[in-house]
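Asks: What follows is a structure written as structure tokens; I'll ask about it next.
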């Protein structure tokens, strides 16, 4: 089975073997917040060699030594994170999946860096 995703404009797409998913988690670190513009980011770790780019090639940005973040050069949407600290895997933003409803995080990274107002799960849930 294959999982697919894309950037906001659809120019840069990706696909990976669903069985190659290593983990699914949330991150609240400052680096991910700044890269995504969101207080928390959902990530899916995928084994390298089990995924591919489709469409326009992504842009690449080294946010620190040993880290590469890929993004769409047309719309700017962030797509992946790869780090020497996690050899053999690439992390895909769960919100960029074509069907993100199947994303079920199993852990949170860097919860010590979470914004203090992030406890939104305690707020009333409203649907407009």
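In the working numbering, the protein residues as written are 106 to 233.
The beta-carbon is built from N, C-alpha and C at its ideal position, and this holds for glycine as well.
(1) DSSP state of residue 139, grouped into three classes?
(2) Nearest to residue 166 by alpha carbon, out of 212, 122, 177?
(3) On the criterion of 16 or more Cβ atoms from any shown chain inside 10 Å, does residue 124 qualify as buried, or is it exposed?
(4) Does the pairing of the region 197-204 with the region 142-157 give three or more beta-carbon distances under 8 Å?
(5) Based on Cα-Cα distance, which residue from 151, 132, 163 lies nearest to residue 194?
(6) Using CA atoms only, rank isn't needed, just tell me which of 107, 108, 117, 216 is closest to residue 180.
(7) If we count the other Cβ atoms within 10 Å of its Cβ and call it buried at 16 or more, is residue 156 buried or exposed?
(8) Quick one: what's residue 151 bridged to in DSSP?
(9) So the beta strand (DSSP E) residue 183 belongs to, where does it begin and stop?
Replies: In this structure, then:
(1) Here residue 139 corresponds to residue number 34 of the chain shown, with the count starting at 1. DSSP, reduced to helix, strand and coil, places residue 139 within a helical segment of the structure shown.
(2) On the chain shown, position 61 is the one that residue 166 refers to. Checked all of 212, 122, 177; the closest Cα to residue 166 is 177.
(3) Taking the first residue of the chain shown as position 1, residue 124 is located at position 19. So residue 124 ends up on the exposed side.
(4) The region 142-157 and the region 197-204 touch, with three or more beta-carbon pairs separated by less than 8 Å.
(5) Translated into the one-based positions of the chain shown, residue 194 becomes position 89. The shortest CA-to-CA distance from residue 194 to any of 151, 132, 163 is the one to 151.
(6) As a first step, residue 180 is located in the chain shown; it is residue number 75 there, counting from the start. In terms of CA proximity to residue 180, 117 leads the group 107, 108, 117, 216.
(7) In the chain shown, the residue the question calls residue 156 occupies position 51. Of the other Cβ atoms in all chains shown, 16 or more fall within 10 Å of the Cβ of residue 156; this residue is therefore buried.
(8) Translated into positions along the chain shown, residue 151 becomes position 46. Note: residue 151 sits in a beta bridge opposite 126, 195.
(9) Taking the first residue of the chain shown as position 1, residue 183 is located at position 78. Run containing residue 183: 183-188, per the beta strand (DSSP E) assignment.
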